[in-house]
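Visitor:
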Amino acid sequence: MLLPLAVLTVTLSLCASFTSIASAHAVPPGNVTAKSLALDAATAARAGNLEQYVTTLAETLDDAIKGKTGKVASKFATSDSGTLALLQWRLLARIGATDRAALGTQHPNEMAWLLSSREALEMFLSSGDVQDNRWGEATRVLCTLAAKDASIMDERSSDDLPIRLAIATALVFSTPVKCMADGSDIDPVKRYQSYLAWDREGLLFSSFHELNAWELRYVVGSWSTDEDLVWARANIKPELKLREKVGDGAHMLAYNGANKSGVSVQAGAKFYDNKPMTMAIMLEYGGVCGAISRFGTSMSQAFGVPAMPVGQPGHCAFVWQKSPHSWSINNDISGWSDSGCHSGITIPWGQSAWFVPLMQLAQSDPAHFAESEVLRSCALIADSDARAAILAQACDECPQNFAAWQERVVAMKADGVRTSMTEWKSAFKSAADAFVNHPRAFSSLLISAQSEMLADKPTPKARIDFAIDAARVFAVMARNGADATLLTAALREVLVEQAMGLATNSQASAKNPSAPKAARALVVGDDAKDATLNDTIAMKVIDMTIRAASEFDIAPTGNAHDAWASSLSSLIRGISWQAPIREDGLQRVQQVLAALMVNKREGDARWFADRIVESAKATKDAAFEAKAVEFRASLG
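Printed below as a string of structure tokens:
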């Protein structure tokens, strides 16, 4: 997040100048050119005057952006001079006064290059976040690399791999990367040099050379030592030494919960007889999900293929680019929806693994993504009533820039009555198009805006209609091939919000504060424990869920069918756990199954009936189980 202008000790000014860093003479912002910005920034860096420069820079940006309409501010931001000024400000604000002073002293020439190069700044600031906002350290690593390899700063070269690789290394190593074998710090300079050499020697897959800086982060950030990565290339099974199969090297590792001496894998280093956990030792001893996924990640990275471990409930999987610029999950149990960021790794925009393929899509047009990011910076400086328009343009420039959408929703909400329902609907129509393959991105935005898109005290009908309308959008995404687990999770998120709203806003909820919890449990299929819900509200929740899920019932197989089946299965579990509403609730489900039988879809009907039997067994209610078994038998 950028620091407020006050942190930069700036007094808001109506005019400023870049004519001289030593003495600021007022000139209109329009007289500032990209060439003068580059020259003055470089001069300031070499002279150790970055603090004075950043103050002047902030004043000029205030003058150019504050008090202006969104259209005028956006026009400035996307001009050559406006873009470079905002890029410089964004970086200098992020690294802070202490780091600015240190960098100006330690790396004056490299800082001069970085601040004067639009291309370098765009790549550096548009290749993902850094852990704990350690931008000062990221900049230090980049400057250190540039000091050791002048080709990084050579923008005349036809090969820009050095700068892409250097920026990736700097962003990842802003926080020390620990070696998996013994916990020691991996040297970022050596890591950069190794991958550059391996590429030149032809030891990596050719796709490595085409990776952008953001993708390269998930190669150079390998937790294996350089020696281990060399070992991996030498010891992979020959049949797996293919671009589309290298990730399957994970399964070279035997699944062992205990070593030959009977020591559990949960004992940590003792499982490996206190030997360093190198890839060779891992292959010798085997392991469980964590070891398998780390091995597959390192095997991919050894050949220059982006990969990272991800956490799943009670499990560790990993994601990798099975084909160039396309991510897949390996060693998977729970799918994309329940995969999250592993400790020690930074995923853009949040903790969910599905942000990775979304960022990949945003990165597919680097120029427009960079411009979208510049407009986000512009919106931070602009007056509040101009931000929504600026951020709308940011979303237009790169429709998959999730951060721009989040900030746009916040800005529209801040505008209050100035934002009409027509504008809200138009924005979310664009969002649905932007995230047609990313339903969780759309659902999270929709939930964040629901207070504006529903009345202050929405009626039950309004809540139900809201959920059904969302389900129809998700159905379009299903037809477009969106992942089934993400479709299910997106619909569940919307249904949970509306179910809890139905329970909260009912007259009975005042006497039963546990009603929202019970409503949520119905949708997600959890045991509500002591929470209860009156029959009327429960049936509204059940009917809403059935109607919404039925929007996915558009094909006999495929992602939409899987999402439909998963949503109804969760509802069946939820109903089964709540004895007071069980009979009426299951009658609703049985009506769905009866219709399936009439339409000669016996397979689907029997599958759902099996889920009723499973749910009945889980409740340990013998009478309920007997009825469930009887019902299942009636379907043949």
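Using the numbering used here, you'd call the opening residue of the sequence shown number 625 and step up by one each time. Each residue gets a CB set at the ideal place from its N, CA and C atoms; glycine is no exception.
Have a look at the DSSP bridge pairing and note the partners of S947.
Guide: DSSP, once it has assigned bridges, lists S950 as partnering S947.
Visitor: Return helix, strand or coil for G873, following the three-state DSSP convention.
Guide: DSSP places G873 in helix when its eight states are reduced to three.
Visitor: Could you tell me which of G752, L1115 and V1060 sits nearest to V1100, measuring between CA atoms?
Guide: The shortest C-alpha separation from V1100 is found at V1060.
Visitor: Is it buried or exposed for E863, if we count other Cβ within 10 angstroms and need 16 for buried?
Guide: E863 is exposed by the Cβ-count criterion.
Visitor: Between the alpha carbons of D783 and G886, how many angstroms are there, rounded?
Guide: About 53 Å.
Visitor: Please give the ranges of any alpha helix (DSSP H) in the segment 906-979, keeping only runs that are unbroken, at least 4 residues long and fully inside the region.
Guide: Whole alpha helix (DSSP H) segments, 4+ residues: 913-926.
Visitor: Taking contact to mean at least 3 C-beta pairs separated by less than 8 Å, is the segment 760-767 in contact with the segment 847-857?
Guide: No, because fewer than three Cβ pairs between the segment 760-767 and the segment 847-857 fall closer than 8 Å, the two stretches do not touch.
Visitor: Can you find the residues in the same chain that come closer than 6 Å, C-beta to C-beta, to R1256, ignoring five residues on each side of it along the sequence?
Guide: Within the same chain, R1256 has close Cβ partners A1233 and V1237.
Visitor: Nearest CA to the CA of I1014: which residue from A1035, A994 and S1050?
Guide: That would be A1035, whose Cα lies nearest to the Cα of I1014.
Visitor: Going by alpha carbons, who is nearest to C965 out of R1225, A977, G881 and D1089?
Guide: That would be A977, whose Cα lies nearest to the Cα of C965.
Visitor: Measure how close the beta-carbons of L1146 and I1166 come, nearest whole angstrom, since I'm counting them as under 8 Å.
Guide: That belief holds up - the Cβ atoms of L1146 and I1166 are roughly 7 Å apart, short of 8 Å.
Visitor: Closest to T1243 by CA distance: which of M1221, T902, R1197 and N1183 is it?
Guide: Minimum Cα distance to T1243 is reached at R1197.
Visitor: Give me the residue from F1098, P732 and T1112 with the minimum Cα distance to D962.
Guide: The shortest C-alpha separation from D962 is found at T1112.
Visitor: Between the Cα of C1002 and those of T970, L663 and T702, spot the shortest distance and give me the residue it belongs to.
Guide: Minimum Cα distance to C1002 is reached at T702.
Visitor: Going by C-alpha distance, which of N955, F797 and G826 is nearest Y816?
Guide: Closest by alpha carbon: F797.
Visitor: Can you list, in chain order, the residues of its chain whose CB lies under 6 Å from that of M983, leaving out five sequence neighbours each side?
Guide: Excluding sequence neighbours, M983 sits near P972.
Visitor: Can a CB atom of chain D be found closer than 8 Å to the CB of S1190?
Guide: Absence of chain D from the displayed structure is noted, only one protein chain being present.
Visitor: For the segment 837-844 and the segment 859-879, state whether three or more C-beta atom pairs, one from each stretch, are separated by less than 8 Å.
Guide: Result no; under three Cβ-Cβ pairs closer than 8 Å.
Visitor: Can you tell me whether Q1122 is buried or exposed? The criterion is at least 16 other CB atoms within 10 Å of its CB, across all chains shown.
Guide: The residue in question, Q1122, is buried, as its Cβ has 16 or more Cβ neighbours within 10 Å.
Visitor: In its own chain, which residues sit with a C-beta less than 8 Å from the C-beta of D989, not counting the 5 before and 5 after it?
Guide: Cβ neighbours of D989 beyond the five flanking positions: C1022.
Visitor: Do you know whose CA, among T1156, A1106, D1159 and E1226, lies nearest F1176's CA?
Guide: When each option's Cα is compared against that of F1176, the closest is A1106.
Visitor: What's the C-alpha gap between A790 and G760?
Guide: Cα-Cα distance, rounded: 15 Å.
Visitor: According to DSSP, is K802 part of a helix, a strand, or is it coil?
Guide: Correct three-state label for K802: strand.
Visitor: Would you please state the rounded distance, in angstroms, between the beta carbons of A1028 and R1000? I believe it to be under 8 Å.
Guide: That pair is a contact at about 6 Å.
Visitor: Please classify M1045: is it buried, with 16 or more other beta-carbons within 10 angstroms of its beta-carbon, or exposed?
Guide: By the neighbour-count rule (16 or more Cβ atoms within 10 Å), M1045 is not buried but exposed.
Visitor: DSSP three-state label for A658, please.
Guide: In the structure shown, A658 sits in a helix (DSSP, three-state: H, G or I).
Visitor: Just verifying my parser: in three-state terms, what is the DSSP assignment at A1056?
Guide: DSSP places A1056 in helix when its eight states are reduced to three.
Visitor: Helix, strand or coil: how does DSSP classify A701 here?
Guide: Here A701 sits in helix by DSSP.
Visitor: Nearest-angstrom Cα distance between N655 and G706?
Guide: Distance between the alpha carbons of N655 and G706 is about 11 Å.
Visitor: At a cut of 8 Å, does the segment 684-700 reach the segment 726-734 through at least three beta carbon pairs?
Guide: Too few Cβ pairs lie closer than 8 Å, so no.
Visitor: In its own chain, which residues sit with a C-beta less than 7 Å from the C-beta of T902, not counting the 5 before and 5 after it?
Guide: Hits under 7 Å: A805 and D852.
Visitor: Taking a contact to mean a Cβ-Cβ separation below 8 Å, would you say A1172 touches I1092 in this structure?
Guide: Contact: yes.
Visitor: In the structure shown, what three-state DSSP assignment does D723 receive?
Guide: If DSSP states are grouped into helix, strand and coil, D723 belongs with the helices.
Visitor: Taking the beta carbon of T1160 as the centre, do at least 16 other beta carbons fall within 10 Å, making it buried, or is it exposed?
Guide: Under this definition T1160 is an exposed residue.
Visitor: Cutting at 7 Å between CB atoms, please list the residues of its own chain near T793, excluding the five before and the five after it.
Guide: V765, L769, P812, R815, Y816 and V844.
Visitor: So does the segment 709-721 actually touch the segment 654-670, counting three or more Cβ pairs closer than 8 Å?
Guide: With the cut-off at 8 Å, the segment 709-721 and the segment 654-670 touch.
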